[in-house]
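S.K.: Numbering (full-length UniProt numbering), first residue to last: 1 to 164.
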Amino acid sequence: MTRDKDFKALVRSRMRRHNESYTTARAALLVGPPSEDRRWRAARREQQLIVARWFDDDQLRALPARRKIRAAVLLEVLSHFVPGSDYPESQVSRRLRRIHPDFACLRRELVGLGYLERSASVYWVCRTPPVRTELERRELPAWEAIWLPAFVAGGTDRIDREAS
1 MTRDKDFKAL VRSRMRRHNE SYTTARAALL VGPPSEDRRW RAARREQQLI VARWFDDDQL
61 RALPARRKIR AAVLLEVLSH FVPGSDYPES QVSRRLRRIH PDFACLRREL VGLGYLERSA
121 SVYWVCRTPP VRTELERREL PAWEAIWLPA FVAGGTDRID REAS
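Below is the structure:
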């Protein structure tokens, strides 16, 4: 009996917090939090949609204004580099120019988000993913936290565009 009473209290608490009906709140609590697999699929799907919307083949149509979309686009751009390799600035510029005419902006954004690091005129893919604050994690695509660690470790390359 106590167990049911405790569960009802949890349901009512969720009803107040989320302004949900009893049935909706109860169903959400019974389902539980999404699994890592579902989070991965959702993040991957979101990334694929962004890439499909903003790229024609490997050509970036425009630079997105929204930070989350821009970061997702930059993750795709980053996949054109090989972790562990050093690139002179001229080579980085050449690679980025093939993607978008404003290669300097792409380069600044890649460095600004911590995807590329530099010393003098030499660039490389970050050796470890950037540490993000809670606010930054909310403003950036979930795909960054999933894909970037594997990419910088050399475990994955381009973002798979085909639906699973």
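Positions of the beta carbon are idealized from the N, C-alpha and C atoms, including for glycine.
(1) Closer than 8 Å is the cut-off here; do at least three beta carbon pairs connect the segment 137–152 with the segment 70–79?
(2) Taking 8 Å as the cut-off, does the segment 21–29 touch the segment 104–118 (at least 3 CB pairs, one atom from each stretch)?
(3) Can you grab the Cα-Cα spacing for the pair Gly-84 / Ser-119, in whole Å?
(4) Consult DSSP for Asp-102 and reduce its assignment to one of helix, strand or coil.
(5) Could you give the DSSP three-state label for Tyr-123: helix, strand or coil?
(6) Quick one: give me the first and last residue of the alpha helix (DSSP H) that Asp-86 is part of.
(7) Could you check which residue in Ala-52, Pro-88 and Ile-99 has the C-alpha nearest to that of Asp-58?
M.R.: Short version:
(1) yes
(2) no
(3) Translated into positions along the sequence shown, residue 84 becomes position 84. Translated into positions along the sequence shown, residue 119 becomes position 119. Approximately 14 Å, taken between the alpha carbons.
(4) In the sequence shown, counting from the first residue as 1, residue 102 sits at position 102. Coil at Asp-102, not helix or strand.
(5) Translated into the one-based positions of the sequence shown, residue 123 becomes position 123. Three-state result, Tyr-123: strand.
(6) Here residue 86 corresponds to residue number 86 of the sequence shown, with the count starting at 1. No alpha helix (DSSP H) holds Asp-86; the beta strand (DSSP E) holding it covers 86–88.
(7) By 1-based counting over the sequence shown, the position of residue 58 is 58. For Asp-58, the nearest C-alpha among the options comes from Ile-99.
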